[in-house]
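Colleague:
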């Protein structure tokens, strides 16, 4: 949705499996550790970590398994953290409605996509019914 | 109903105090809610304080569990006060568009107790 130019360099890359509810915490902790390592303030770190929690839970609830790719990224002056969530689950039928929020097909608040989008600097989603969903988020460190 | 005991619930007079310090997974969350409601009935508690100062992340899932617990307690006649929410957690929940309905909030335990006392006098 939000298209961002790909002049972003990846400084590190780590792939983590999502296959249980515990992985919500495992992935979230790994993302928090990256944000802390890069010196994010408490607010930016909480925003990124919470968005990660929402999106990892989405993978678990809707697709049961998938991966999270954690990257430290740079685009010239800025340092950031990018997290990509990939699953081969059912996909999202009505993406616009899902992104508008307050819409839930499972036992969640329906804020997973819309809420996490509001917490990060860049948000990109690609979903195909029957093939799966990929969500990419980036949070930049405040200068 | 059995007490699951995953999250301890303390009694202070007619008020119950519980500190959420672990991840509220599906199974834990249901046990926690059942324990709180059972304790309210058994101890005839007039107020419930939930200390969340130990949570550095409250996502919409955990927020929903907390708000739901408050609304359940309210149906039994017991007011719930969340205390100790961290600044970055409050900012994140509001930015996400989450509305925490069914619970009061206070800065810390002392303020939470004072708020319950005021509510009880009404």
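Chains as they are written, first to last, in this note's numbering: chain A, 1 to 143; chain B, 1 to 122.
For glycine and all other residues, C-beta sits at the position ideal for the given N, C-alpha and C.
(1) Can you name the start and end residues of the alpha helix (DSSP H) that residue 92(B) belongs to?
(2) Where does residue 38(B) fall in DSSP's three states?
(3) Out of 98(A), 61(A), 141(A) and 112(A), which has the shortest C-alpha to C-alpha gap to residue 87(A)?
(4) How big is the Cα-Cα spacing for residue 143(A) and residue 22(B)?
(5) Start and end of the alpha helix (DSSP H) containing residue 84(A)?
(6) Locate the alpha helix (DSSP H) running through residue 113(B), then write down its first and last residues.
(7) Output the distance between the C-alpha atoms of residue 121(B) and residue 114(B), rounded to the nearest integer angstrom.
(8) Within 10 angstroms of the Cβ of residue 107(A), are there 16 or more other Cβ atoms? Answer buried if so, exposed if not.
(9) Compare the C-alpha of residue 9(B) against each of 30(B), 50(B) and 46(B) and name the closest.
(10) What separation, rounded to the nearest whole angstrom, lies between the Cα atoms of residue 35(B) and residue 128(A)?
(11) Per DSSP, what are the beta-bridge partners of residue 12(A) in this structure?
(12) Does any CB atom of chain A fall closer than 8 Å to the CB of residue 114(B)?
(13) Taking one C-beta from the segment 73–88 of chain A and one from the segment 30–44 of chain B each time, how about it: are there three or more such pairs within less than 8 Å?
(14) Run the CB neighbour count on residue 117(A), radius 10 Å, all protein chains shown included, and call it buried at 16 or more, exposed below.
(15) Please list the terminal residues of the continuous beta strand (DSSP E) segment that includes residue 123(A).
(16) Taking all protein chains shown into account, do 16 or more other C-beta atoms lie within 10 angstroms of the C-beta of residue 227(A), making it buried, or fewer, making it exposed?
(17) Taking Cβ-Cβ distances shorter than 7 Å, what residues in chain A pair up with residue 92(B)?
(18) Name, going along the chain, the residues of the segment 74–102 of chain B whose beta-carbon falls closer than 9 Å to a beta-carbon of chain A.
(19) How far does the beta strand (DSSP E) with residue 139(A) in it reach, from first residue to last?
Modeller: By the coordinates alone:
(1) The sequence position of residue 92(B) within the second chain is 92, counting from 1. Counted as a single uninterrupted DSSP element, the alpha helix (DSSP H) harbouring residue 92(B) occupies residues 87–96.
(2) To locate residue 38(B), count along the second chain from 1; it is residue 38. Residue state, collapsed to three classes: helix.
(3) Residue 87(A) sits at position 87 when you count from the first residue of the first chain. Measuring from the Cα of residue 87(A), the nearest candidate turns out to be 61(A).
(4) Translated into positions along the first chain, residue 143(A) becomes position 143. Translated into positions along the second chain, residue 22(B) becomes position 22. Approximately 33 Å between the Cα atoms of the pair.
(5) Counting from 1 along the first chain, the entry for residue 84(A) is found at position 84. Looking at the DSSP string, residue 84(A) is not in any alpha helix (DSSP H); the run it does join, the beta strand (DSSP E), is 78–87.
(6) For this step, residue 113(B) is matched to residue 113 along the second chain. Counted as a single uninterrupted DSSP element, the alpha helix (DSSP H) harbouring residue 113(B) occupies residues 109–121.
(7) Looking up residue 121(B) in the second chain gives position 121. Looking up residue 114(B) in the second chain gives position 114. Near 11 Å, if we compare the C-alpha coordinates of residue 114(B) and residue 121(B).
(8) On the first chain, position 107 is the one that residue 107(A) refers to. Confidence is the limiting factor: at residue 107(A) the pLDDT is only 47, short of 50, which leaves the residue's position unreliable, though a coordinate-based value still follows. With fewer than 16 Cβ atoms within 10 Å of its Cβ, residue 107(A) is classed as exposed.
(9) Position 9 of the second chain, counted from the first residue, corresponds to residue 9(B). That would be 50(B), whose Cα lies nearest to the Cα of residue 9(B).
(10) Locating residue 35(B) in the second chain gives position 35, counting from the first residue. Locating residue 128(A) in the first chain gives position 128, counting from the first residue. Between the alpha carbons of residue 35(B) and residue 128(A) lies a gap of roughly 42 Å.
(11) Reading the first chain from its first residue, position 12 is the one you call residue 12(A). Per the DSSP secondary-structure output, residue 12(A) pairs in a beta bridge with 72(A).
(12) Within the second chain, residue 114(B) is the residue found at index 114, counting from 1. Closer than 8 Å: no.
(13) Per the Cβ contact rule, the segment 73–88 of chain A is not in contact with the segment 30–44 of chain B (fewer than 3 Cβ pairs under 8 Å).
(14) As a first step, residue 117(A) is located in the first chain; it is residue number 117 there, counting from the start. Counting Cβ neighbours within 10 Å, residue 117(A) comes out buried, since at least 16 surround it.
(15) Here residue 123(A) refers to the residue found at position 123 when the first chain is read from its first residue. 122–128 is the extent of the beta strand (DSSP E) around residue 123(A).
(16) This structure does not reach residue 227(A), given that chain A is present from 1 up to 143, and the question cannot be answered.
(17) Stepping through the second chain from its first residue, residue 92(B) is reached at position 92. By Cβ distance, chain A contributes 46, 47, 50 and 119.
(18) Listed by position, the residues of the segment 74–102 of chain B near chain A (Cβ gap below 9 Å) are 86, 87, 88, 89, 91, 92, 93, 95, 96, 97 and 98.
(19) On the first chain, position 139 is the one that residue 139(A) refers to. 132–140 is the extent of the beta strand (DSSP E) around residue 139(A).
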